[in-house]
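To convert a position in the sequence shown, counted from 1, into our numbering, add 934.
Quick reminder that beta carbons are idealized off the backbone N, C-alpha and C, glycines included.
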Amino acid sequence: MDTFVHTYRLQHVDAVVPSTKTLYNYIHQGLLEIKAIDLPIGKSIEERPEEINNRSRFGDWEIDSVLGGKTVGETSILTLVERQTRYAVTKKLVEKKAEYVNQAVLECMKPYPIKSITADNGNEFSSLSKIEGLDVYFAHAYSSYERGTNENFNGLLREFIPKGISLKELNPTLLEDYTKAINERPRRIHDYQSAKKLFELTQTA
């Protein structure tokens, strides 16, 4: 929002432009046709550099959570997919909360090159921007296509874990096997090379 306000002022020097705070007040008072939930909780995907958008840089990821059944205390799976190679990493979360998401991401940053992450506006991703050395961008509300790489992987994972199946008893080792099978699958988008092979080649380049 702040970026929009200042950019608009530069482009319309003669216009009277309300401050960022005033616009937020208008939104909360229902004076604009937009709701607070529609706003990104951090840097908007519109600010994402072109090298991420066109996948020319290695190390930019998309993140999402895959839900299990609707029973009390149900867990979820965190999925991260590298945009250039489509290589994926998964983690079973204790709870779908920001603290557990951040913990999982920090664990992933040790063995994997993670320069940026693009997320949706789910509450579980609300603290990602606090992770030092990580650029985080948030997609627009109701725009899952803006994280299509991750959505595609989630669909592949559903081949092993259908919707509605409880994740409580899912063995993390079995989840690793599912993820490994997808990473090693020949992909048409890669001229039938696997995401794993491309990921390894790029890491050693």
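With distances taken between CA atoms, ASN988 lies nearest to ARG1017 out of ARG1017, ASP998, GLY1002.
With the rule of 3 Cβ pairs closer than 8 Å, the segment 1114-1127 does not count as touching the segment 1027-1046. By the C-beta density criterion, ASN1084 is buried, having at least 16 other C-beta atoms within 10 angstroms. Secondary structure remark: continuous alpha helix (DSSP H) runs of at least 4 residues inside the segment 1011-1049, in chain order: 1032-1043. In its chain, beyond the 5 residues on either side, TYR1071 have a beta carbon closer than 6 Å to the beta carbon of ARG982.
The criterion of a C-beta distance shorter than 8 Å is satisfied by PHE992 and THR1136. Here the alpha carbon of ARG943 sits roughly 7 Å from the alpha carbon of ALA949. Under the three-state reduction of DSSP, THR1009 is assigned to coil, being neither helix nor strand. The secondary-structure analysis by DSSP pairs GLN1127 across a beta bridge with ARG1121. Separation of VAL1023 and ILE1011 (C-alpha to C-alpha, rounded to the nearest whole angstrom) is 10 Å. For a cut-off of 8 Å, the C-beta gap from GLU1066 to LYS1031 is around 20 Å, too long to register as a contact. Following the DSSP letters along the chain, one finds PHE1072 inside the beta strand (DSSP E) bounded by residues 1069-1072. Check the Cα spacing between SER1078 and each of ALA1053, ILE1095, SER1061, LEU1090: the tightest is with ALA1053. The C-beta of GLU996 has 16 or more other C-beta atoms within 10 Å across all chains shown, which makes the residue buried. When only Cα atoms are considered, LYS1097 and ASN1055 end up about 21 Å apart. Judged by beta-carbon spacing, PHE1094 lies beyond the 8 Å limit of THR1019, meaning their Cβ atoms are not closer than that value.
In its chain, beyond the 5 residues on either side, GLY1002, THR1009 have a beta carbon closer than 6 Å to the beta carbon of LEU1101.
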